[in-house]
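As you go down the protein sequences, you meet chains A and B in turn. Under my numbering, the first residue of the first sequence is numbered 1, with each subsequent residue one higher. Under my numbering, the first residue of the second sequence is numbered 1001, with each subsequent residue one higher. First the structure, in the form of structure tokens, and then the observations on it.
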Amino acid sequence: KNEVEQSPQNLTAQEGEFITINCSYSVGISALHWLQQHPGGGIVSLFMLSSGKKKHGRLIATINIQEKHSSLHITASHPRDSAVYICAVRAQGAQKLVFGQGTRLTINP
Amino acid sequence: EAEVAQSPRYKITEKSQAVAFWCDPISGHATLYWYRQILGQGPELLVQFQDESVVDDSQLPKDRFSAERLKGVDSTLKIQPAELGDSAMYLCASSWDRDYEQYFGPGTRLTVT
Chain A
1 KNEVEQSPQN LTAQEGEFIT INCSYSVGIS ALHWLQQHPG GGIVSLFMLS SGKKKHGRLI
61 ATINIQEKHS SLHITASHPR DSAVYICAVR AQGAQKLVFG QGTRLTINP
Chain B
1001 EAEVAQSPRY KITEKSQAVA FWCDPISGHA TLYWYRQILG QGPELLVQFQ DESVVDDSQL
1061 PKDRFSAERL KGVDSTLKIQ PAELGDSAMY LCASSWDRDY EQYFGPGTRL TVT
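Here is the structure:
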């Protein structure tokens, strides 16, 4: 079992829909990251969380440390949100990030 | 806005050849990371530098891969000899320090034929 599991692996939705991507992890962590990767490979950091909730524009990230679970929400989704969304965690006392396999999101107009 | 630079963006090489990738991190960032991402998977850390020192290279195949960051600024990742299984995206990232947010470069897509 991977240390970081994301669901769903693939998600297709219509423009305007509310999107939720989930991330579960099995170790105690010091930080969790949500990343966005567009076709062509470039990765953009969306959020870094250690507790609670963060919001940036139409994106919201939440984390529940006790349940070892985080969600990324996209409100009023748009075709330009189509990308792979990756969850990554830094275990307590560790230096490196462990990445999930990513969720491929496709938003159709 | 400052960015992490990588070159080349694409590289096609024959197996058994040598190949090198270059990364220039954001100015002032002490920590530099090289990742390998195989299609359909998340990135995997190959090597992490703190200034010019390697702090984690546990996943680096040291028989064929080498990395250096001689002056603690830009870095080079080398593969010699390349194998078919090395075909992947090689990503460089940097952060102000080891526990801070990482900024990724555009990556180098390597194809070994």
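Cβ atoms here follow ideal geometry from the backbone N, Cα and C, with glycine treated the same way. Given the structure is predicted, the values throughout are model-derived calculations rather than measurements.
Hey, is Asp1097 of chain B's beta-carbon within less than 8 angstroms of any beta-carbon in chain A?
On the second sequence, position 97 is the one that residue 1097 of chain B refers to. So no, Asp1097 of chain B is outside the interface.
Leu59 of chain A touches chain B at which residues, Cβ-Cβ below 7 angstroms?
Stepping through the first sequence from its first residue, residue 59 of chain A is reached at position 59. Under the 7 angstroms cutoff, chain B gives no residues; its nearest Cβ is about 15 angstroms from Leu59 of chain A.
Distance check for Ser1094 of chain B and Leu1032 of chain B, CA to CA, integer angstroms please.
As a working note, residue 1032 of chain B is residue 32 in the second sequence. As a working note, residue 1094 of chain B is residue 94 in the second sequence. Their backbone Cα atoms lie some 4 angstroms apart in a straight line.
With 16 as the cutoff for other CB atoms within 10 Å, does Tyr85 of chain A come out buried or exposed?
Here residue 85 of chain A is taken as the residue at index 85 of the first sequence, counted from 1. Tyr85 of chain A is buried by the Cβ-count criterion.
Among B:Gly1042, B:Gly1072, B:Ile1038, B:Trp1034, whose alpha-carbon lies nearest the alpha-carbon of Ser1058 of chain B?
The residue given as residue 1058 of chain B occupies position 58 in the second sequence. Checked all of B:Gly1042, B:Gly1072, B:Ile1038, B:Trp1034; the closest Cα to Ser1058 of chain B is B:Trp1034.
Could you tell me which chain A residues have their CB closer than 7 angstroms to the CB of Phe1065 of chain B, listed as they occur along the chain?
The residue given as residue 1065 of chain B occupies position 65 in the second sequence. Within 7 angstroms Cβ-Cβ: nothing; Phe1065 of chain B doesn't reach chain A, min ~16 angstroms.
Cβ closer than 7 angstroms: which chain B residues qualify as neighbours of Lys96 of chain A?
Translated into the one-based positions of the first sequence, residue 96 of chain A becomes position 96. The contacting residues are Leu1045, Gln1048, Asp1056.
Return the bridge partner residues of Tyr1035 of chain B from the DSSP annotation.
Here residue 1035 of chain B corresponds to residue number 35 of the second sequence, with the count starting at 1. Paired residue(s): B:Leu1045, B:Leu1091.
Sort out for me which residues DSSP pairs Glu15 of chain A with in a bridge.
In the first sequence, the residue the question calls residue 15 of chain A occupies position 15. DSSP, once it has assigned bridges, lists no residue as partnering Glu15 of chain A.
Can you tell me which residues form a DSSP beta bridge with Lys1078 of chain B?
Numbered from its first residue, the second sequence carries residue 1078 of chain B at position 78. Paired residues: B:Ala1020, B:Ser1066.
Once DSSP output is grouped into helix, strand and coil, what is the label at Asp1057 of chain B?
The count along the second sequence starts at 1 and reaches residue 1057 of chain B at position 57. Reduced to three states, the DSSP call for Asp1057 of chain B is coil.
Taking C-beta to C-beta, are Ala1020 of chain B and Gly1105 of chain B nearer than 8 angstroms?
As a working mapping, residue 1020 of chain B is identified with position 20 in the second sequence. As a working mapping, residue 1105 of chain B is identified with position 105 in the second sequence. Not in contact: Ala1020 of chain B and Gly1105 of chain B (Cβ atoms no closer than 8 angstroms).
Roughly how many angstroms separate the alpha carbons of Ser1075 of chain B and Ile19 of chain A, rounded to a whole number?
In the second sequence, counting from the first residue as 1, residue 1075 of chain B sits at position 75. In the first sequence, counting from the first residue as 1, residue 19 of chain A sits at position 19. Approximately 38 angstroms between the Cα atoms of the pair.
I need the straight-line Cα distance from Ser51 of chain A to Pro1081 of chain B, nearest angstrom please.
Within the first sequence, residue 51 of chain A is the residue found at index 51, counting from 1. Within the second sequence, residue 1081 of chain B is the residue found at index 81, counting from 1. Spanning the two alpha carbons is a distance of roughly 45 angstroms.
Suppose you measure from the CA of Cys117 of chain A to the CA of Trp34 of chain A; what does that come to, to the nearest Å?
With chain A represented from 1 up to 109, any question about residue 117 of chain A goes unanswered, as that position is not in the structure.
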